[in-house]
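Residue numbers for the sequence shown follow the working numbering, so the first one is 422 and each next one is one higher.
By construction, the Cβ of each residue, glycine as well, lies at the ideal position given by its N, Cα and C atoms.
For reference, the structure discussed in these notes is given below.
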Amino acid sequence: MMKGLVSIVTGLLVLGLAACAPMPKATPTQNVEKIPVVSPTVNAESQGRFLKRKVAIGRFTDETRHGNSFFLNKSGDRVGKQAMDILSAKLAATNKFILLERADLEKIQKELELGNLQSLNIPADYLIIGSVSEYGRKAVSDVGV
(Lines of atoms letter the chains of each structure in order from A and count residues from 1; the text may use other names and numbers.)
(Lines give C-alpha, C1' and ligand atoms only; values in the text may rest on other atoms or scores of the structure.)
Protein backbone atom coordinates (compact mmCIF):
# COMPACT_ATOMS: atom_id res chain seq x y z
CA MET A 1 0.00 0.00 0.00
CA MET A 2 2.80 2.35 0.93
CA LYS A 3 4.80 1.56 -2.25
CA GLY A 4 1.72 2.26 -4.40
CA LEU A 5 1.16 5.56 -2.62
CA VAL A 6 4.82 6.54 -3.02
CA SER A 7 4.76 5.72 -6.75
CA ILE A 8 1.55 7.72 -7.24
CA VAL A 9 2.98 10.73 -5.37
CA THR A 10 6.24 10.46 -7.33
CA GLY A 11 4.32 10.30 -10.61
CA LEU A 12 2.25 13.36 -9.69
CA LEU A 13 5.38 15.23 -8.60
CA VAL A 14 7.14 14.48 -11.90
CA LEU A 15 4.03 15.48 -13.83
CA GLY A 16 3.73 18.72 -11.84
CA LEU A 17 7.38 19.62 -12.40
CA ALA A 18 7.10 18.88 -16.11
CA ALA A 19 4.08 21.17 -16.34
CA CYS A 20 6.06 24.00 -14.73
CA ALA A 21 9.01 23.67 -17.11
CA PRO A 22 9.48 26.75 -19.30
CA MET A 23 8.50 26.38 -22.93
CA PRO A 24 11.12 27.32 -25.51
CA LYS A 25 10.31 30.59 -27.20
CA ALA A 26 9.35 30.32 -30.83
CA THR A 27 11.58 32.29 -33.13
CA PRO A 28 9.65 34.08 -35.85
CA THR A 29 10.62 33.08 -39.35
CA GLN A 30 9.81 34.85 -42.56
CA ASN A 31 8.38 32.93 -45.45
CA VAL A 32 10.46 33.91 -48.41
CA GLU A 33 8.35 33.55 -51.52
CA LYS A 34 10.45 32.74 -54.53
CA ILE A 35 9.60 34.66 -57.65
CA PRO A 36 9.09 32.25 -60.55
CA VAL A 37 11.65 32.50 -63.31
CA VAL A 38 10.04 33.47 -66.59
CA SER A 39 11.16 31.75 -69.75
CA PRO A 40 13.51 33.84 -71.91
CA THR A 41 11.14 33.47 -74.87
CA VAL A 42 8.38 35.16 -72.89
CA ASN A 43 10.58 38.05 -71.80
CA ALA A 44 12.18 38.58 -75.20
CA GLU A 45 10.83 41.58 -76.99
CA SER A 46 9.90 40.66 -80.52
CA GLN A 47 11.71 42.49 -83.26
CA GLY A 48 9.36 43.87 -85.90
CA ARG A 49 6.05 42.38 -86.91
CA PHE A 50 4.90 38.85 -86.32
CA LEU A 51 1.73 36.86 -86.81
CA LYS A 52 -0.24 35.91 -83.76
CA ARG A 53 -1.25 32.26 -83.61
CA LYS A 54 -4.94 31.45 -83.18
CA VAL A 55 -5.31 29.15 -80.19
CA ALA A 56 -8.62 27.55 -79.26
CA ILE A 57 -8.94 26.52 -75.62
CA GLY A 58 -11.37 23.64 -75.23
CA ARG A 59 -12.60 21.75 -72.22
CA PHE A 60 -10.67 21.13 -69.03
CA THR A 61 -11.95 18.41 -66.72
CA ASP A 62 -11.36 17.62 -63.06
CA GLU A 63 -9.90 14.10 -62.84
CA THR A 64 -8.90 14.24 -59.17
CA ARG A 65 -10.36 12.26 -56.28
CA HIS A 66 -12.36 15.31 -55.29
CA GLY A 67 -13.83 15.71 -58.76
CA ASN A 68 -17.27 14.59 -57.66
CA SER A 69 -17.49 16.75 -54.56
CA PHE A 70 -18.59 20.29 -53.83
CA PHE A 71 -16.20 21.78 -56.39
CA LEU A 72 -18.77 21.13 -59.12
CA ASN A 73 -21.48 23.57 -60.04
CA LYS A 74 -24.73 22.99 -61.96
CA SER A 75 -23.17 23.21 -65.39
CA GLY A 76 -20.31 20.87 -64.67
CA ASP A 77 -16.73 21.38 -63.74
CA ARG A 78 -15.80 24.53 -61.83
CA VAL A 79 -12.16 23.50 -61.30
CA GLY A 80 -11.77 22.85 -65.02
CA LYS A 81 -13.19 26.30 -65.76
CA GLN A 82 -10.71 27.88 -63.36
CA ALA A 83 -7.82 26.00 -64.99
CA MET A 84 -8.99 27.22 -68.39
CA ASP A 85 -9.20 30.80 -67.10
CA ILE A 86 -5.67 30.65 -65.66
CA LEU A 87 -4.27 29.29 -68.92
CA SER A 88 -6.15 31.93 -70.93
CA ALA A 89 -4.80 34.71 -68.73
CA LYS A 90 -1.21 33.47 -69.01
CA LEU A 91 -1.41 33.11 -72.79
CA ALA A 92 -3.07 36.51 -73.19
CA ALA A 93 -0.32 38.12 -71.09
CA THR A 94 2.30 37.04 -73.64
CA ASN A 95 0.48 39.03 -76.34
CA LYS A 96 1.48 36.39 -78.90
CA PHE A 97 -1.83 34.58 -79.34
CA ILE A 98 -5.40 35.22 -80.45
CA LEU A 99 -7.46 33.24 -77.97
CA LEU A 100 -10.67 31.45 -78.92
CA GLU A 101 -12.52 29.88 -76.01
CA ARG A 102 -14.37 26.82 -77.19
CA ALA A 103 -15.57 25.48 -73.85
CA ASP A 104 -18.94 27.25 -74.14
CA LEU A 105 -19.40 26.65 -77.85
CA GLU A 106 -22.94 25.28 -77.38
CA LYS A 107 -24.05 28.47 -75.63
CA ILE A 108 -22.55 30.60 -78.39
CA GLN A 109 -24.31 28.57 -81.10
CA LYS A 110 -27.63 28.87 -79.25
CA GLU A 111 -27.24 32.65 -78.99
CA LEU A 112 -26.43 32.90 -82.71
CA GLU A 113 -29.56 30.91 -83.54
CA LEU A 114 -31.70 33.18 -81.36
CA GLY A 115 -30.42 36.31 -83.09
CA ASN A 116 -30.52 34.82 -86.63
CA LEU A 117 -26.83 35.65 -87.01
CA GLN A 118 -24.16 33.98 -89.08
CA SER A 119 -22.08 31.34 -87.43
CA LEU A 120 -18.66 32.31 -86.15
CA ASN A 121 -16.54 29.65 -87.83
CA ILE A 122 -13.03 30.82 -87.03
CA PRO A 123 -10.49 28.04 -87.51
CA ALA A 124 -7.73 27.76 -84.92
CA ASP A 125 -4.09 26.86 -85.47
CA TYR A 126 -3.95 24.95 -82.18
CA LEU A 127 -6.54 23.36 -79.89
CA ILE A 128 -5.70 22.96 -76.20
CA ILE A 129 -7.69 20.54 -74.06
CA GLY A 130 -6.69 19.11 -70.73
CA SER A 131 -7.55 17.94 -67.28
CA VAL A 132 -6.63 18.76 -63.71
CA SER A 133 -5.11 15.56 -62.35
CA GLU A 134 -3.65 16.70 -59.05
CA TYR A 135 -4.01 19.60 -56.66
CA GLY A 136 -0.90 21.06 -55.14
CA ARG A 137 0.98 24.14 -54.31
CA LYS A 138 4.21 24.95 -56.00
CA ALA A 139 5.99 28.28 -56.16
CA VAL A 140 8.28 27.31 -59.04
CA SER A 141 7.12 26.41 -62.53
CA ASP A 142 8.72 23.65 -64.56
CA VAL A 143 7.59 24.93 -67.95
CA GLY A 144 7.68 28.30 -69.62
CA VAL A 145 5.40 29.49 -72.39
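| query | result |
| --- | --- |
| With 16 other Cβ atoms within 10 Å as the buried cut-off, status of Gly501 | buried |
| Environment of Ile478 [buried if 16+ CB atoms lie within 10 Å] | buried |
| Among Lys424, Leu548, Ile529, nearest to Leu538 - alpha-carbon criterion | Ile529 |
| Per-residue burial, Asp546 [other beta carbons within 10 Å of its own, 16 or more giving buried] | exposed |
| Three-way DSSP call (helix, strand, coil) for Ala440 in this model | helix |
| Alpha carbon of Val435 to alpha carbon of Cys441, nearest angstrom | 10 Å |
| Neighbour-count burial assignment, Val458, 16 or more Cβ in a 10 Å radius | exposed |
| Bridge partner(s) assigned by DSSP for Arg474 | Phe518 |
| Cβ distance (whole Å) where Lys475 is taken to contact Ile507 below 8 Å | At roughly 20 Å, the Cβ-Cβ gap does not stay under 8 Å, so Lys475 and Ile507 are not in contact. |
| Cβ distance (whole Å) where Arg480 is taken to contact Ile550 below 8 Å | 6 Å |
| Option nearest Val561 by Cα separation, candidates Val453, Ala510, Thr482, Glu532 | Val453 |
| Minimum C-alpha distance to Glu555 - residue among Leu548, Glu484, Asn542, Gly432 | Glu484 |
| For Gly551, the residue or residues it bridges with in DSSP | Phe481 |
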